[in-house]
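Enquirer: Right, I'll just put the structure down here and ask away after.
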Amino acid sequence: MKPLPETSGDLHEQALDWLVTMWSGEVSADAQRALQAWRQQSGAHEQAWLAVQQMDQRLRHVPAATASQVLRTATGSKQRSRRAVLRGLALAGGTGLAMHLVRDTEPWLAATAQYATATGERRELVLDDGTRLVMNTATALDVRFTAGQRRIDLHRGEIMIATGKDHGAPYRPFVVHTVHGAARALGTRFSVYQHDQRTEVAVYEGAVEVQPRRATAPARRLAAGNAARFDANNAAPVYALAADGPAWVRGVLEAEQMPLPDFLAELARYRRGVIHCDAALAGERVSGIYPLADTDKVLAALARALPLRVSYLTRYWVQIQPR
Numbered sequence: 005m006k007p008l009p010e011t012s013g014d015l016h017e018q019a020l021d022w023l024v025t026m027w028s029g030e031v032s033a034d035a036q037r038a039l040q041a042w043r044q045q046s047g048a049h050e051q052a053w054l055a056v057q058q059m060d061q062r063l064r065h066v067p068a069a070t071a072s073q074v075l076r077t078a079t080g081s082k083q084r085s086r087r088a089v090l091r092g093l094a095l096a097g098g099t100g101l102a103m104h105l106v107r108d109t110e111p112w113l114a115a116t117a118q119y120a121t122a123t124g125e126r127r128e129l130v131l132d133d134g135t136r137l138v139m140n141t142a143t144a145l146d147v148r149f150t151a152g153q154r155r156i157d158l159h160r161g162e163i164m165i166a167t168g169k170d171h172g173a174p175y176r177p178f179v180v181h182t183v184h185g186a187a188r189a190l191g192t193r194f195s196v197y198q199h200d201q202r203t204e205v206a207v208y209e210g211a212v213e214v215q216p217r218r219a220t221a222p223a224r225r226l227a228a229g230n231a232a233r234f235d236a237n238n239a240a241p242v243y244a245l246a247a248d249g250p251a252w253v254r255g256v257l258e259a260e261q262m263p264l265p266d267f268l269a270e271l272a273r274y275r276r277g278v279i280h281c282d283a284a285l286a287g288e289r290v291s292g293i294y295p296l297a298d299t300d301k302v303l304a305a306l307a308r309a310l311p312l313r314v315s316y317l318t319r320y321w322v323q324i325q326p327r
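Per our numbering, residue 5 is the first one in the sequence shown, and the count goes up by one each step.
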């Protein structure tokens, strides 16, 4: 499955990381160049930087040490709570800043989400009905069980679900909602991945009905072994799965003759910052099973197996170049 582009949430967090670096007072020329290169990757990168620059302007009256420490907490702790971050910034710089962040940045839903994982973190939940839910890296969701429905609101990221049996009367459907629509489980094991532009649903057992949010056509039913992507208006054609479950649940990244840029794009989901791959390496292929717990070791393994070298311009900027 080809990895999709970074989400706006990913870019916002990377921009925050860069802002913290710029505030550190120890900014090298290489770091300045790396930031400029990051901003020039796309219009979305530049917009993310401009958004945090607006925050920078609002924080100018806050002591630098205080603001920097709050943002380091926001971007550096695996167990961070964005609620606490927003609260800390509000106390430091006034309620208006917190409201600005809540109103104007996409990741704010993660700040108020019931459950959230940091970049590189995975977490397993057991819900009241016995459903087992595994959260992948940088995921945020709310669980809303009522008398009429078992509902998951996936604000961002990726989840794997094995639904439990609902013994209530009447039966309560199990539905995952994303910004693009809904996926209704029919006694099943399935995954849901919300990208910026579309949601991807893969079914490993049972069946799932997917319904784009603005679609007027009937819901599309996916049987076990199939997957589909959909946006708010339409669902793309169904395609067959190559495995009986996502590799990330086991803590690994699997590749079979995967183009190097695609492999690095997927690996980048599990680490902070940017992995920039030289276009000259686009023809290289990657195969194997790689543990996600230490992405630096994965990069080192690639350097041993392929004609490339890995350079760290900063902790947030990795350059992959021909050797």
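The beta carbon of each residue, even a glycine, is placed where N, CA and C say it ideally should be.
Assuming T150 contacts A120 under a Cβ cut-off of 8 Å, what Cβ separation, rounded to an integer in Å, is found between them?
Expert: Working through the sequence shown from its first residue, we reach residue 150 at position 146. Working through the sequence shown from its first residue, we reach residue 120 at position 116. 22 Å between Cβ atoms; not a contact.
Enquirer: Pull up the CB-CB distance for L312 and L285, whole angstroms please, since I reckon it's below 8 Å.
Expert: Position 308 of the sequence shown, counted from the start, is the residue given in the question as residue 312. Position 281 of the sequence shown, counted from the start, is the residue given in the question as residue 285. 6 Å between Cβ atoms; contact.
Enquirer: Taking the alpha carbon of P265 as the reference point, which residue from G255, D298, Q325, A247 has its own alpha carbon closest?
Expert: Here residue 265 refers to the residue found at position 261 of the sequence shown. Closest option to P265, Cα to Cα, is Q325.
Enquirer: Who are the near neighbours of V138 in its chain, counting only those whose CB is closer than 7 Å to its CB and skipping five residues on each side?
Expert: Position 134 of the sequence shown holds residue 138. For V138, where only same-chain residues beyond five positions count, the Cβ hits under 7 Å are R126, E128, I163, M164, V253.
Enquirer: Comparing alpha-carbon positions, which option in A309, A240, Q261, N230 lies nearest G249?
Expert: On the sequence shown, residue 249 is found 245 positions in, with the first residue counted as 1. For the residues A309, A240, Q261, N230, the minimum Cα distance to G249 belongs to N230.
Enquirer: Out of R217, V242, Q323, W22, which one is the CA nearest neighbour of V207?
Expert: As a working note, residue 207 is residue 203 in the sequence shown. Per the Cα distances, V242.
Enquirer: If we count the other Cβ atoms within 10 Å of its Cβ and call it buried at 16 or more, is P174 buried or exposed?
Expert: Translated into the one-based positions of the sequence shown, residue 174 becomes position 170. Exposed is the call here.
Enquirer: Considering only residues of the same chain and omitting the five flanking positions on each side of A41, which have a CB-CB separation below 8 Å?
Expert: By 1-based counting over the sequence shown, the position of residue 41 is 37. Same-chain partners within the cutoff: H280, W321.
Enquirer: Can you give me the Cβ contacts of M262 inside the same chain, cut-off strictly under 6 Å, excluding the 5 residues immediately before and after it?
Expert: One-based indexing of the sequence shown puts residue 262 at position 258. The answer, listed in chain order, is V290.
Enquirer: Taking 8 Å as the threshold (C-beta atoms), are D21 and R276 in contact?
Expert: To locate residue 276, count along the sequence shown from 1; it is residue 272. To locate residue 21, count along the sequence shown from 1; it is residue 17. Cβ atoms of R276 and D21: closer than 8 Å.
Enquirer: Where does D34 sit, in a helix, a strand or coil, going by DSSP?
Expert: Along the sequence shown, one-based indexing puts residue 34 at 30. Reduced to three states, the DSSP call for D34 is helix.
Enquirer: How should S195 be labelled, buried or exposed, when 16 other C-beta atoms within 10 angstroms of its C-beta is the threshold for buried?
Expert: For the purposes of this step, residue 195 is taken as residue 191 along the sequence shown, with counting starting at 1. Counting Cβ neighbours within 10 Å, S195 comes out buried, since at least 16 surround it.
Enquirer: Mind pulling the beta strand (DSSP E) runs of 3 or more residues that sit fully within the region 291-325?
Expert: Counting only runs of 3 or more, we get 312-318.
Enquirer: Could you tell me which residues DSSP puts in a beta bridge with F149?
Expert: The sequence position of residue 149 within the sequence shown is 145, counting from 1. In DSSP, F149 forms a bridge with R154.
Enquirer: Between R188 and R154, is the Cβ-Cβ spacing less than 8 Å?
Expert: Taking the first residue of the sequence shown as position 1, residue 188 is located at position 184. Taking the first residue of the sequence shown as position 1, residue 154 is located at position 150. It is not a contact, given that the beta carbons lie outside the stated cut-off.
Enquirer: With 16 as the cutoff for other CB atoms within 10 Å, does P67 come out buried or exposed?
Expert: Sequence index remark: in the sequence shown, residue 67 carries index 63 (1-based). At P67, the pLDDT of 49 sits below 50, so the modelled position is not reliable; the number obtained from the coordinates is stated separately. It is exposed - the Cβ of P67 has fewer than 16 other Cβ atoms within 10 Å.
Enquirer: When DSSP builds the beta bridges, which residues end up paired with T203?
Expert: Within the sequence shown, the letter at position 199 stands for residue 203. Answer is Q198, F234, bridged to T203.
Enquirer: Do P222 and A239 have their C-beta atoms within less than 8 Å of each other?
Expert: The count along the sequence shown starts at 1 and reaches residue 222 at position 218. The count along the sequence shown starts at 1 and reaches residue 239 at position 235. No, Cβ-Cβ distance for P222 and A239 is not below 8 Å.
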